[in-house]
Amino acid sequence: MFSGRGFNIDTLNVAPTHDPEMSRITVVVRGDETVLDQIIKQLRKLINVVEVVDFREGQSVDRELVLVKLAVDSRSRGELIQICDIFRAKIINVASDSLVVEITGDDGKISAFLGLLEGFHIVDMARTGRLALKR
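Our numbering runs 310 ahead of the 1-based position in the sequence shown.
In structure tokens form, the structure reads like this:
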């Protein structure tokens, strides 16, 4: 539906809910009022869609999860640990030559954290896309 109408998806997340019969799909799109209204109308026409909730800025709480594997040596390990402490990121795997870090937060926190990692060697990275619930 999105690609056929030329809508661009910024992030997409699909996950089970508390009801095993249902999944929640969180889609982040950007556009003017007309584009957003068109997307909502098209989604509501889909048979398997139970509900469409439009979260405008400030109407929801949202978070994203990022896993980052970084190559480290004895010099960079300490600096990375300090950055993780500042951002409350968790080191979830330690090897002699790498660290795997988990961080959750809003877009600003994630962007700031990843910006500081640009000076290090990122081996791999996985991001969930945003999840949101109404306030």
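Positions of the beta carbon are idealized from the N, C-alpha and C atoms, including for glycine.
Item to complete: Starting from the C-beta of Asn-403, find all residues in its chain whose C-beta is less than 6 Å away, skip the five residues before and the five after it, and write them out in chain order.
Response: Reading the sequence shown from its first residue, position 93 is the one you call residue 403. Excluding residues within five positions, the ones whose Cβ falls inside 6 Å are Val-410.
Worksheet item: Are the beta-carbon atoms of Ile-350 and Val-362 separated by less than 7 Å?
Response: Position 40 of the sequence shown, counted from the first residue, corresponds to residue 350. Position 52 of the sequence shown, counted from the first residue, corresponds to residue 362. At the C-beta level, Ile-350 and Val-362 come within 7 Å of one another.
Worksheet item: Which whole-angstrom value describes the C-beta separation of Leu-427 and Val-359, a residue pair presumed to lie in contact below a C-beta threshold of 8 Å?
Response: Position 117 of the sequence shown holds residue 427. Position 49 of the sequence shown holds residue 359. Rounded, the Cβ-Cβ distance is 37 Å, inconsistent with contact.
Worksheet item: Is the beta carbon of Leu-441 less than 7 Å from the beta carbon of Asn-323?
Response: Working through the sequence shown from its first residue, we reach residue 441 at position 131. Working through the sequence shown from its first residue, we reach residue 323 at position 13. At a Cβ-Cβ threshold of 7 Å, Leu-441 and Asn-323 count as neighbours.
Worksheet item: Of the residues His-328, Asp-320, His-431, which one's Cα is nearest the Cα of Glu-389?
Response: Numbered from 1 along the sequence shown, position 79 holds the residue referred to as residue 389. For the residues His-328, Asp-320, His-431, the minimum Cα distance to Glu-389 belongs to His-431.
Worksheet entry | Cα-Cα separation, Gln-352 to Ser-421 | The sequence position of residue 352 within the sequence shown is 42, counting from 1. The sequence position of residue 421 within the sequence shown is 111, counting from 1. About 31 Å.
Worksheet item: When we look at the beta-carbon of Val-382 and count the other beta-carbons within 10 Å, is it buried (16 or more) or exposed?
Response: Taking the first residue of the sequence shown as 1, we reach residue 382 at position 72. Buried: at least 16 other Cβ atoms inside 10 Å.
Worksheet item: Which value, in whole angstroms, describes the spacing of the CA atoms of Gly-415 and Phe-397?
Response: Counting from one through the sequence shown, the residue named residue 415 turns up at place 105. Counting from one through the sequence shown, the residue named residue 397 turns up at place 87. For Gly-415 and Phe-397, the gap between their C-alpha atoms comes out near 9 Å.
Worksheet item: When you compare only the Cα positions, how much space is there between Arg-385 and Asp-407?
Response: In the sequence shown, the residue the question calls residue 385 occupies position 75. In the sequence shown, the residue the question calls residue 407 occupies position 97. Cα to Cα, Arg-385 sits roughly 11 Å from Asp-407.
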